[in-house]
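Novice: Quick one: structure below, then a few questions.
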Amino acid sequence: MDFALTEEQSAIFDMARDFGANTIAPHAAQWEKDGIIPKTLWPELGALGLGGIYVSEESGGSGLTRLDATLAFEALSMACPSVAAFLSIHNMCARMIDGYGSPEMKERLLPGAVSMETVYSYCLTEPGAGSDAAALKTRATRTDEGYSLTGTKAFISGGGYSDAYVVMARTGDDGPHGISTLVVEDGAPGLSFGGLEDKMGWRAQPTRQVQFDTCITPAKNLLGEEGKGFKYAMAGLDGGRLNIAACSLGAAQAALTQTLAYMDERRAFGKSLNEFQALQFKLADMEIELQAARVFLRQAAWKIDTAATDATRHCAMAKAFTTEVGNRVVDTCLQLHGGYGYLADYGIEKLLRDVRVHRILEGTNEIMRLIVARGMLAQ
């Protein structure tokens, strides 16, 4: 069992970390104030191969593994978890198109997705269908023009900002087998958006409801087969959960690195903070948890890459564990900064606000525990 990263994997991590440090981190606070990530950023990431991370090389993507992806997202999140998480969502959509789209669809849509000239959002959650995603109500009805969609999606990252939306909608009966996946491009007749959500964190990426009022999308934009959309959506979520966990890991590592430097400089009662044994114990606890989370996360990614039968359960465990560790570590780092940690200038409070949502999205951590328990009982 070899836990070492390959030379290529180390290069992926270093590339993403350096890009984040040079191109994202200096602007992250301002982007949060503005409430938007400049669209000019995405083609720069596309040029690095990060717009189609696990799109096959035959389709023009990077063809990387899920483990490779976690390295990229961990590194980018050291600069800004909000930007990294948005990139993860786009990649989840690109992977679905590559994995399930027709040859015509892949040829038509993937070049823009991989280059990130076209930015994608993922539309599953609805106002009345969150954890119970299979209960979604948005309906797509066949017409002579293709499909007519009616319904509303909620909490959509990139709503009103992205260029296209991968939408799960009901084409058949109730339940998961009645759900299909369609690509709805910005500007489609009947497509509109709700007001900008005023969120606790992830403020740099705009979040809105996506609304369909007899919204027309052509038949060629059906992704895969009718009735298999829920299966496609759930398959994408395994990788998405790992990416969000990696975003928590990167944010927590950034907070810890900053805290180590602060504690070396900050003095109280005649000595540096890092000389107090009680505070050293806190540092040790954070390092232990982060190292454990990192190994757990990479093992889960390896499970997907090797098509292990228990991959979904391990993804759920890793997502729950790593996002909770990340939240604890960032919160402890803020505490160790004292009053300064509460100030925006130090950046720790932004990290804490950003990582909090990781325990909710891509499946709440309560649902992750349900997946784990069901897997245990099934054995």
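Quick note on the numbering used here: the sequence shown kicks off at 773 and runs consecutively.
Every residue gets a Cβ at the ideal spot worked out from N, C-alpha and C, and that includes glycine.
1) Please state if the CB of Leu-896 and the CB of Ala-885 are separated by a distance shorter than 9 Å.
2) Per DSSP, what kind of secondary structure is Asp-985 in: helix, strand or coil?
3) Give the C-beta separation of Arg-1125 and Gly-973 to the nearest angstrom, bearing in mind that I take them to be a contact with Cβ-Cβ under 8 Å.
4) My assumption, with CB atoms under 8 Å, is that Met-1035 sits in contact with Ser-1044. Please give the rounded CB distance.
5) Could you tell me whether any non-hydrogen atom of the ligand ATP is closer than 8 Å to the CB of Gly-959?
6) Quick check on Pro-853: buried or exposed, where buried means 16 or more other Cβ atoms within 10 Å of its Cβ?
7) Going along the chain, which unbroken runs of the beta strand (DSSP E) with 3 or more residues stay wholly within the stretch 1003-1081?
8) For Thr-1015, is the classification buried or exposed, using 16 other Cβ atoms within 10 angstroms of its Cβ as the cut-off for buried?
9) Going along the chain, which residues of its own chain have a beta-carbon closer than 6 Å to the beta-carbon of Cys-1019, five neighbours each way excluded?
10) So, do the stretch 815-832 and the stretch 965-984 have three or more beta carbon pairs nearer to each other than 8 Å?
11) Which residues in the same chain as His-1086 place their Cβ atom closer than 6 Å to its Cβ, once the five residues preceding and following it in sequence are excluded?
12) Fully enclosed by the stretch 777-814, which beta strand (DSSP E) runs are 3 residues long or longer?
13) For Thr-910, which residues in the same chain have their Cβ closer than 6 Å to its Cβ, ignoring the five residues on either side in sequence?
14) What is the rounded straight-line gap between the Cα of Ala-851 and the Cα of Ala-1027?
15) Using a Cβ-Cβ cutoff of less than 6 Å, which residues in the same chain neighbour Gly-821 once the five nearest sequence positions on both sides are dropped?
16) On a Cα-Cα basis, can you pick out the residue from Arg-880, Asp-840, Glu-1047, Glu-998 that is closest to Leu-954?
17) What did DSSP end up calling Gly-962 once you bin it into helix, strand or coil?
18) Give every residue of the same chain whose Cβ lies closer than 6 Å to the Cβ of Ile-825, excluding the five residues on either side of it in the sequence, and list them in chain order.
19) Can you check DSSP and say which residues form a bridge with Met-940?
20) Please classify Ala-976: does DSSP put it in a helix, a strand, or coil?
21) Taking the straight line between their C-alpha atoms, what separation do you get for Gly-1008 and Leu-777?
22) How would you call Ala-912, buried or exposed, if buried means at least 16 neighbouring beta carbons within 10 angstroms?
23) Which residue wins for smallest C-alpha separation from Lys-1003, given the options Ser-952, Leu-1115, Phe-965, Arg-789?
24) Give the single residue among Glu-1121, Thr-1095, Ala-976 whose Cα lies nearest to the Cα of Gly-930.
25) With Asn-1137 and Ala-1092 assumed to form a contact (beta carbons below 8 Å), what rounded beta-carbon distance in angstroms separates them?
Specialist: Let me spell this out:
1) Mapped onto the sequence shown, residue 885 falls at position 113. Mapped onto the sequence shown, residue 896 falls at position 124. The answer is no: Cβ separation not under 9 Å.
2) Residue 985 sits at position 213 when you count from the first residue of the sequence shown. Here Asp-985 sits in strand by DSSP.
3) For this step, residue 1125 is matched to residue 353 along the sequence shown. For this step, residue 973 is matched to residue 201 along the sequence shown. About 3 Å; that satisfies the 8 Å criterion.
4) Residue numbering aside, residue 1035 sits at position 263 when the sequence shown is read from its first letter. Residue numbering aside, residue 1044 sits at position 272 when the sequence shown is read from its first letter. Yes, they are in contact, since the Cβ atoms of Met-1035 and Ser-1044 sit about 7 Å apart, within 8 Å.
5) Although the ligand ATP was asked about, the structure shown includes no ligands whatsoever.
6) Within the sequence shown, numbered from 1, the residue matching residue 853 stands at position 81. Classification for Pro-853: buried.
7) none
8) Start at 1 with the first residue of the sequence shown, and residue 1015 comes out as number 243. What sits at residue 1015 in the sequence shown is Asn, not Thr. Looking at its Cβ environment, which holds 16 or more other Cβ atoms inside 10 Å, Asn-1015 is buried.
9) One-based indexing of the sequence shown puts residue 1019 at position 247. Closer than 6 Å at Cβ, skipping near neighbours: Phe-845, Ser-849, Pro-853, Ala-856, Ala-857.
10) no
11) As a position in the sequence shown, residue 1086 is number 314, starting the count at 1. Closer than 6 Å at Cβ, skipping near neighbours: Ala-1072, Lys-1075.
12) none
13) Here the question's residue 910 lines up with position 138 in the sequence shown. Answer for Thr-910: Gly-923, Ala-941, listed in chain order.
14) Along the sequence shown, read from residue 1 onward, the residue named residue 851 stands at position 79. Along the sequence shown, read from residue 1 onward, the residue named residue 1027 stands at position 255. Going from the Cα of Ala-851 to the Cα of Ala-1027 covers about 10 Å.
15) The sequence position of residue 821 within the sequence shown is 49, counting from 1. Counting only Cβ-Cβ distances below 6 Å, and skipping sequence neighbours, we find Ser-834.
16) As a first step, residue 954 must be located in the sequence shown, where it is residue number 182. When each option's Cα is compared against that of Leu-954, the closest is Glu-998.
17) Position 190 of the sequence shown holds residue 962. Coil at Gly-962, not helix or strand.
18) For the purposes of this step, residue 825 is identified with residue 53 of the sequence shown, where counting begins at 1. Excluding residues within five positions, the ones whose Cβ falls inside 6 Å are Ser-834, Leu-836, Ala-841, Asn-863.
19) In the sequence shown, residue 940 corresponds to position 168, counting from 1. Thr-953.
20) On the sequence shown, residue 976 is found 204 positions in, with the first residue counted as 1. In this structure, Ala-976 counts as coil in the three-state DSSP scheme.
21) Mapped onto the sequence shown, residue 1008 falls at position 236. Mapped onto the sequence shown, residue 777 falls at position 5. Between Gly-1008 and Leu-777, the C-alpha separation is close to 25 Å.
22) Taking the first residue of the sequence shown as position 1, residue 912 is located at position 140. It is buried - the Cβ of Ala-912 has at least 16 other Cβ atoms within 10 Å.
23) Here the question's residue 1003 lines up with position 231 in the sequence shown. Nearest C-alpha to Lys-1003: Ser-952.
24) For the purposes of this step, residue 930 is identified with residue 158 of the sequence shown, where counting begins at 1. Checked all of Glu-1121, Thr-1095, Ala-976; the closest Cα to Gly-930 is Ala-976.
25) Your numbering for residue 1137 matches position 365 in the sequence shown. Your numbering for residue 1092 matches position 320 in the sequence shown. Right, their Cβ atoms sit about 4 Å apart.
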